[in-house]
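The opening residue of the sequence shown carries number 10 in the working numbering; numbering runs sequentially from there.
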Amino acid sequence: MKHQEYILFVKEKVSLLNQDNLLFWDLWCLNYVFEKIKNKSYPFYTYIEKSYKLLWDYNDKINNNLDDILNDESIDSIMNFDNDDFDNLDEFDVEEKAIQEMIVGLESIILNFKESLKLVYNAYENPINVIDVEIDGILISKENENEIYLNETNSQMSLLEDLSSNVRNYTFINRNIYR
């Protein structure tokens, strides 16, 4: 499958997801990215980790108070992330690209909730952007045969088939389903 065909498939299936499944979808996509961050000594890592956990807690119905989550110090730190720190990350280093993608993904989810109290973000690109660095480029107009790329796109398509045709209550425990 060509990359453009994959994108069309994802967009079509995501448009069919309900809010609960969409939040799981976004967090599931970000989990691929989060697991690429091995060095936890970055000064802002704790904000990323806690914000990510807070969103999982909301998905899992552990904390249903969205106001508490949106007003958390870690969430605020992600929303006001220093542009210089972001720009100083090496976008050609897999781990630092993963940090950038986590910040972008978390910020987008949080912004959706703050602005409209619902989710409209589609995080499928965040892991693909990391994979683009991992494999040194994704082919746009040709068939992609790289195993890392194919594993992720096939996993995404399998999960989307499942989520778009079934009511699911997937939680953090299921964060690697289909992977």
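By construction, the Cβ of each residue, glycine as well, lies at the ideal position given by its N, Cα and C atoms.
If you check the CB distance, residue 38 and residue 132 come in under 8 Å. With a cutoff of 8 Å on beta-carbon distance, residue 23 and residue 169 are scored as near each other. Bounds of the alpha helix (DSSP H) holding residue 59 are 54-68. The C-alpha of residue 101 lies about 25 Å from the C-alpha of residue 10. Residue 172 is positioned such that its CB atom lies closer than 8 Å to that of residue 26. Excluding sequence positions up to five before and after residue 104, its CB lies within less than 8 Å of the CB of 45, 46, 47 and 48, all in the same chain and listed in chain order. For the region 94-168, the continuous alpha helix (DSSP H) assignments of 4+ residues that do not extend past its boundaries occur at 103-125 and 134-143, in sequence order. DSSP places residue 22 in the helix class (H, G or I) of the three-state scheme. As DSSP reads the structure, residue 11 sits in a beta bridge with 152. Taking the Cα of residue 180 as reference, the smallest distance to any Cα among 53, 15 and 66 is reached at 66. Sequence-distant Cβ neighbours of residue 81 in its own chain, meaning closer than 8 Å and more than five residues away, are 59, 60 and 63. In the DSSP assignment, residue 86 falls within the unbroken alpha helix (DSSP H) covering 82-88. DSSP, reduced to helix, strand and coil, places residue 170 within a helical segment of the structure shown. Approximately 6 Å separates the beta-carbon atoms of residue 122 and residue 79; this is inside 8 Å, confirming the contact.
Of the candidates 53, 76, 185 and 28, 185 places its Cα closest to the Cα of residue 136. With contacts defined as CB atoms closer than 8 Å, residue 19 and residue 165 qualify as a contacting pair. A direct Cα-to-Cα measurement between residue 167 and residue 88 gives close to 32 Å. Residues 35, 117, 118 and 121 of the same chain have their beta carbon placed closer than 7 Å to that of residue 130, with the five preceding and five following residues left out of the count.
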